[in-house]
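Counted the way this note's numbering counts, the sequence shown spans residues 166 to 569.
Shown next, in structure tokens, is the structure this report addresses.
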Amino acid sequence: MAASPASSSSSEDEFADEGWVLPEAQRLRMERGRRLLAEDERYAGSPDLQCSIDVISSSDVFGRFGDRAGGRQPTALEEQQAAVAFLHGVRANMLSFFRFATFNEWQMGSLVGMLVKNYEVSGLEVGIGTDMADMPQRYVRWDASTAAAAAELEAHQHAAGFQPLLTAAQLRQQGTLLAMQYLENCGNCMARAQAAGERYTLRPHQPWVAALAASRRLLQLLPNSAAALWRHALLLQECGAPAAEELEASEAALQQAEAERSYSLVAGIATNTVAYRLRSPGRTWQPADVEPLLAAAARALKRWRRWGSRLEVDSIAAKLAEQQQIVQHALGGAGSSRAAQPPVSRLQSSAEPTLECAFCGMQKMFLKRCAACRGPAYCSTGCQRSHWRFHRAECRQLVEQREG
Numbered sequence: 166m167a168a169s170p171a172s173s174s175s176s177e178d179e180f181a182d183e184g185w186v187l188p189e190a191q192r193l194r195m196e197r198g199r200r201l202l203a204e205d206e207r208y209a210g211s212p213d214l215q216c217s218i219d220v221i222s223s224s225d226v227f228g229r230f231g232d233r234a235g236g237r238q239p240t241a242l243e244e245q246q247a248a249v250a251f252l253h254g255v256r257a258n259m260l261s262f263f264r265f266a267t268f269n270e271w272q273m274g275s276l277v278g279m280l281v282k283n284y285e286v287s288g289l290e291v292g293i294g295t296d297m298a299d300m301p302q303r304y305v306r307w308d309a310s311t312a313a314a315a316a317e318l319e320a321h322q323h324a325a326g327f328q329p330l331l332t333a334a335q336l337r338q339q340g341t342l343l344a345m346q347y348l349e350n351c352g353n354c355m356a357r358a359q360a361a362g363e364r365y366t367l368r369p370h371q372p373w374v375a376a377l378a379a380s381r382r383l384l385q386l387l388p389n390s391a392a393a394l395w396r397h398a399l400l401l402q403e404c405g406a407p408a409a410e411e412l413e414a415s416e417a418a419l420q421q422a423e424a425e426r427s428y429s430l431v432a433g434i435a436t437n438t439v440a441y442r443l444r445s446p447g448r449t450w451q452p453a454d455v456e457p458l459l460a461a462a463a464r465a466l467k468r469w470r471r472w473g474s475r476l477e478v479d480s481i482a483a484k485l486a487e488q489q490q491i492v493q494h495a496l497g498g499a500g501s502s503r504a505a506q507p508p509v510s511r512l513q514s515s516a517e518p519t520l521e522c523a524f525c526g527m528q529k530m531f532l533k534r535c536a537a538c539r540g541p542a543y544c545s546t547g548c549q550r551s552h553w554r555f556h557r558a559e560c561r562q563l564v565e566q567r568e569g
């Protein structure tokens, strides 16, 4: 499936009269992010800022190829370039703090389908399916199949003049991320189903063993990535690793995030780690345990706010404010009558019960309850996963009582 660069490249003029227009807010965010990367040493080389730019840029390319008001059907190479742009953007999403924890199975399936349907040139044979009993072996086959296919796909993109380009290394990283996410999803689904009385031939620990193998592979592919280190730390939380190991992994991710200037990750990791320490059953904490983390999150928020999505920045800012209030209350308010009041997350309304996340305590109008027992509610998939090791036994009891 060969083509000359001239036959596949597309100029800006080609899209001038067509319907797609990048939303102005996103265009301004992308331009501001590029200026910060180029002109401000505090953001130089920031991976999370680069991921944010890549997501917007790739969505723009994908939108331009997908919205042809003139009615002309795109060529096969144009369809492939749109798919590459989409994959490039999703890879960036999967390495961003707010995106990778909520990556869903249907998205993963569509990506795997693209790799098979659109990239015949690569010879890529996907080894991921829906049969959980064969799942660990399928991950091994996926990882072994991507090396040559990824190199061939990169060469094809170079020859065709694709922009943006999905390199062989990035494709291998994405394949590992897909496998890891799939295994995590299976592990969580199995745990919740078993809590509801379902049984599988696959032993419960197998998905987590395979997911940890995928995570270690990701750390090999991205050895100095705060995002990869943080994914590994979250996975340790999910699969019930010792608390000391989880906190050590979180600290390593936080240190790397600060070193690489990934401010969204610094803010997210710090507040998540504080929530873990404040909410872990049977664990006592002192203000001195969390104050450095709160300070790191506050510093990172100021810099992240210059380029981040307002919704995402504000959600972490709200979580940080509540955690600071809890610590102030624990300190006795240092003479402040306001700080001496119970934290917002602990107040109860006589009109209606307070809605707060069972893990981080953040208050939201809409929370998602555990699907198995309908008990605790969560503000995000990440909080639900972090809390699962503490909720697992209670979940089964609640299901048994309900069905009793």
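Virtual Cβ for every residue (Gly too), placed ideally from N, Cα, C.
All values reported here derive from a predicted model rather than from experimental measurement.
- Boundaries of the alpha helix (DSSP H) around Gln490: 475–495.
- Per DSSP, reduced to three states, the secondary structure at Ala334 is helical.
- In this structure the region 405–413 does not lie against the region 379–392, because fewer than three pairs of beta carbons, one per stretch, are closer than 8 Å.
- Less than 7 Å divides the Cβ of Asp213 from the Cβ of Ser427.
- With a contact defined as Cβ atoms closer than 8 Å, Leu318 and Leu336 qualify at about 6 Å.
- Excluding sequence positions up to five before and after Ala398, its CB lies within less than 7 Å of the CB of Glu411, Ala414, Ser415, Ala418, all in the same chain and listed in chain order.
- Residue burial annotation: Asp225 is buried, with at least 16 other C-beta atoms found within 10 angstroms of its C-beta.
- The beta carbons of Leu331 and Ala392 sit about 17 Å from each other, so the pair does not count as a contact at 8 Å.
- At the C-beta level, Cys525 and Cys560 stay beyond 7 Å of one another.
- By the Cβ-count criterion, His323 is exposed, with fewer than 16 other Cβ atoms from all chains shown falling within 10 Å of its own Cβ.
- In the three-state scheme derived from DSSP, where H, G and I count as helix and E and B as strand, Arg468 is classed as helix.
- For Phe251, the enclosing alpha helix (DSSP H) begins and ends at 241–259.
- Exposure of Leu476 is indicated by the presence of fewer than 16 other C-beta atoms within 10 angstroms of its C-beta.
- For Leu485 against Thr436, the beta-carbon gap comes to about 5 Å, under 8 Å, which counts as contact.
- Glu565 has no beta-bridge partner at all, per DSSP.
- The closest CA to that of Asn258, considering only Gln338, Asp205, Glu403, is found on Gln338.
- Here Gln566 is exposed. Its C-beta has fewer than 16 other C-beta atoms within 10 Å.
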